[in-house]
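Engineer:
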């Protein structure tokens, strides 16, 4: 009897340990799966000349076959008149490509996005097709769209969508290069290549001219704090790292190679002792919270009051939306304020949003 | 004769455990991302002083007290339910606290203080609900409490799922997952007084009623004959134990395995259910949690969830003790 009881105990212990070990290894391999977002800026010059040649290209003739960002070949029979976008980044691209009037459905919680209210008010009232977690297959089909744009995260749902007779392309804008690829993909699939090329070129030009301006300066160190608390940061593989590098800064957390927000300790921040602390645009805490955090009182950035938050007036400027490169402008205006002024950032933002989104931000 | 031998052995074991706790505590003060040097500390380097007093010491203290609390609470549960698999989780404290934390993250704020308060409230609420539901039933109370606990646990899991569904997948969902994974990271001197205070008081109360607790492991009738107000005492001790667990995990997030494994280790060491078993149980909890936290902060460039290591350390430890005990029987 006693023997049996102990055996049961040992088994339970082993099972628990094994299942936990399983969890651990799963989270460990996550980083390799997602792949390394490359530092986009390095290839900007190459892409630029390429896109310049393309501008004169004739309009897309349908049917057209595109390769989406999951590597699937999709043929679009005729120019889509009804679009569904199930992801905020693709919705933003759709607006930038002047296609917002063709949208018949968008992702859930569209009302929360400032950019929609500013650039395409009607979107907010469109039917929701759910989120990446809970995609509303039937609701999407009921809108009978000609083209559905979904995030690559919805990979498993695509087959069922196609069974319902929908034409689906997946986008995966995880970094600057993939963002530009997504813009070109959506442009081609909707017959808006010229506009897409223009958008990509503007982004490339914006980044390279910024890099030229801050290039020769000594690089201050930056700690980029995550959305939910100061102890989260972005490592080398994250889009945010590219933002800092393009702005002429050094990401203190570059040694971390997680592909998602990584958890660090106060001690670690103190050891890195960054010149600047910049909070993610959607941070749930404020610059004041950080300045008042006694645990960081001796950190260079806090001591000198160099704590800032990325703007979110239009879109979160640390997300890979088309306007994401403006995040670099903002960071540059903070860490290289002698070269790039806040007005420079605002001018760039105003020009960009006026051109592609048809509204003027920062007009107090 | 045999009795005094046992007592002697137990005392030695407690002393060894205490030495181990002290050694780990010392190691915990030394290990960390910010380099501390004896020279710098003596020279009065303000930065090193602050790291030591505001971060390193509070974190170590929390690991010690939290581990002890989880170990003792586990002992209380396994004794009252006369079941080696019982742990504070079975009456819903963990799932209640998770749901509370998720509620705060999604609907109020993901600030440390609101999350802690909300998680604590969630944990206590779940436990009260379990105990009140069990109070309505007839028949064996232990079984009623376990059944009510299972129901409440299911309920809080559902609530947690609903909150997760409502959460913004880009950040809130991740915050909930991070919270559930549990970590002693982010603990500083301003954050521990409540949790540590509650733990110390609760541990003291449990020790004061230690004799009555042990009697609860007897048959209900027998215990009553020995003058223990069974129903009341069981309710009170369960409440105190879970109150303590709620105070710990609301600050740290879920910590698995310590409450289950610490009392086992202690019982295997003493071979019995005694007051010394309870002491050893607390010490084992402190050893496991402090050891796990040292690894969680030093193995990788980032902070890892402490539960990974409580299990990795705890499981082989238990297996080793079981094997050793078998050998003794042969």
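Residue numbers (my numbering), protein chains in the order written: chain A, 33 to 396; chain B, 13 to 342.
C-beta atoms are modelled at their ideal positions from N, C-alpha and C, and glycine is treated no differently.
As the structure is a prediction and not an experimental result, all values here were calculated from the model.
1. Return the first residue and the last residue of the beta strand (DSSP E) that residue 76 of chain B is part of.
2. From what residue to what residue does the alpha helix (DSSP H) around residue 275 of chain B run?
3. Is any beta-carbon of chain A found at less than 9 Å from that of residue 184 of chain B?
4. Kindly give me the distance between the Cβ atoms of residue 280 of chain A and residue 367 of chain A, rounded to whole angstroms, as I take these residues to be in contact under 8 Å.
5. Looking only at its own chain, which residues have a Cβ that is under 7 Å from the Cβ of residue 346 of chain A, when we skip the five neighbours before and after it?
6. Closest by CA to residue 228 of chain B, which one among B:216, B:217, B:242?
7. Would you say residue 326 of chain A reaches chain B, if we count a Cβ-Cβ gap shorter than 9 Å as a contact?
8. Distance, Cα to Cα, residue 84 of chain A vs residue 219 of chain A?
9. Tell me which residues share the same chain as residue 314 of chain A and place their Cβ nearer than 7 Å to its Cβ, disregarding the 5 neighbours each side in the sequence.
10. Ordered along the chain, which non-local residues of its own chain (more than five positions away) have a Cβ less than 7 Å from that of residue 324 of chain B?
11. DSSP three-state call for residue 111 of chain A: helix, strand or coil?
12. If we require 4 or more residues per run, which alpha helix (DSSP H) segments fall completely within the region 212-248 of chain B?
13. Does DSSP put residue 194 of chain A in a helix, in a strand, or in coil?
14. Helix, strand or coil for residue 179 of chain A per DSSP?
15. Let's see if you can read the secondary structure: which residues bound the alpha helix (DSSP H) around residue 222 of chain A?
16. Below 8 Å on the Cβ atoms is my guess for residue 276 of chain A versus residue 256 of chain A; work out the distance and round it to an integer in Å.
17. Specify the secondary structure class of residue 61 of chain A as computed by DSSP and reduced to three states.
18. Taking all protein chains shown into account, do 16 or more other C-beta atoms lie within 10 angstroms of the C-beta of residue 47 of chain B, making it buried, or fewer, making it exposed?
19. Could you please tell me which residues of the region 157-178 of chain A, in chain order, have their CB closer than 9 Å to any CB of chain B?
20. Got a sec: is the Cβ-Cβ distance from residue 59 of chain B to anything in chain A below 9 Å?
21. Against chain A, with Cβ distances strictly below 9 Å, would residue 180 of chain B count as a contact?
22. Between residue 329 of chain A and chain B, is any beta-carbon pair separated by less than 9 Å?
23. Alpha carbon to alpha carbon, how far is residue 153 of chain A from residue 389 of chain A? Give it in angstroms, no decimals.
24. CB residue 184 of chain B to CB residue 122 of chain B, shorter than 9 Å?
25. For residue 398 of chain B, which residues in chain A fall below 8 Å Cβ to Cβ?
26. Do residue 215 of chain A and residue 200 of chain A come within 9 Å of each other at the CB atom, strictly closer than that value?
27. Closest by CA to residue 249 of chain B, which one among B:238, B:273, B:217?
28. Just verifying my parser: in three-state terms, what is the DSSP assignment at residue 334 of chain B?
29. Using only the alpha-carbon positions, how far apart do residue 110 of chain A and residue 173 of chain A sit?
30. First and last residue of the alpha helix (DSSP H) that includes residue 296 of chain A?
31. Determine which residues share a DSSP beta bridge with residue 207 of chain B and list them.
32. Which chain A residues are close to residue 137 of chain B, counting only those with a beta carbon under 8 Å from its beta carbon?
33. Which first and last residues belong to the alpha helix (DSSP H) in which residue 158 of chain B is found?
34. Start and end of the beta strand (DSSP E) containing residue 97 of chain A?
35. Please name the residue in A:203, A:229, A:286 whose C-alpha comes closest to that of residue 254 of chain A.
36. Could you tell me how far apart the beta carbons of residue 105 of chain B and residue 116 of chain B are, in whole angstroms, since I believe they sit closer than 8 Å?
Structural biologist: The answer reads as follows:
1. Membership of residue 76 of chain B in any beta strand (DSSP E) is not indicated; the residue belongs instead to the alpha helix (DSSP H) covering 69-92.
2. Here the alpha helix (DSSP H) through residue 275 of chain B covers 270-282.
3. It does: the Cβ of residue 184 of chain B has a partner Cβ on chain A nearer than 9 Å.
4. That pair is a contact at about 7 Å.
5. Here the set comprises 146, 147, 150, 355, 385, 393.
6. Closest option to residue 228 of chain B, Cα to Cα, is B:242.
7. Yes, its Cβ sits closer than 9 Å to a Cβ of chain B.
8. Unreliable positioning characterises residue 84 of chain A in this predicted model, as indicated by a pLDDT of 45, which lies under 50. The coordinate reading is nonetheless provided below. Roughly 16 Å between the two C-alpha positions.
9. These residues qualify, in order along the chain: 259, 344, 348.
10. Hits under 7 Å: none found.
11. Residue state for residue 111 of chain A is assigned as coil, using DSSP reduced to three classes.
12. Listed in chain order, they are 222-228, 232-237.
13. The answer is helix: DSSP assigns residue 194 of chain A an H, G or I state.
14. If DSSP states are grouped into helix, strand and coil, residue 179 of chain A belongs with the strands.
15. Its alpha helix (DSSP H) spans residues 208-222.
16. Indeed, because the Cβ distance is near 6 Å, the residues count as touching under 8 Å.
17. Caution applies to residue 61 of chain A, whose pLDDT of 39 falls short of 50 and renders its modelled position unreliable; the value that the coordinates give is listed next. Residue state for residue 61 of chain A is assigned as helix, using DSSP reduced to three classes.
18. With fewer than 16 other CB atoms across the displayed protein chains lying within 10 angstroms of its CB, residue 47 of chain B is exposed.
19. Answer in chain order: 163, 164, 165, 166.
20. Yes, contact with chain A.
21. Answer yes: the Cβ-Cβ gap between residue 180 of chain B and chain A drops below 9 Å somewhere.
22. Chain B contact via Cβ: present.
23. Those two C-alpha atoms are separated by around 12 Å.
24. For residue 184 of chain B and residue 122 of chain B, yes; Cβs fall inside 9 Å.
25. Nothing about residue 398 of chain B can be reported from this structure: the residues present for chain B run from 13 to 342 only.
26. No; because the gap between Cβ atoms is not below 9 Å, this pair is not in contact.
27. The residue with the shortest Cα to Cα distance from residue 249 of chain B is B:217.
28. Collapsing the DSSP output to three states places residue 334 of chain B in a helix.
29. Near 18 Å, if we compare the C-alpha coordinates of residue 173 of chain A and residue 110 of chain A.
30. Per DSSP, residue 296 of chain A belongs to no alpha helix (DSSP H) and is neither H nor E.
31. As computed with DSSP, residue 207 of chain B is found in no beta bridge at all.
32. Those do not exist, as residue 137 of chain B stays about 24 Å from chain A at its closest Cβ, beyond 8 Å.
33. Start and end: 153-178.
34. First-last of the beta strand (DSSP E) with residue 97 of chain A: 96-99.
35. The residue with the shortest Cα to Cα distance from residue 254 of chain A is A:286.
36. No, residue 105 of chain B and residue 116 of chain B are not in contact; Cβ-Cβ is about 17 Å, not under 8 Å.
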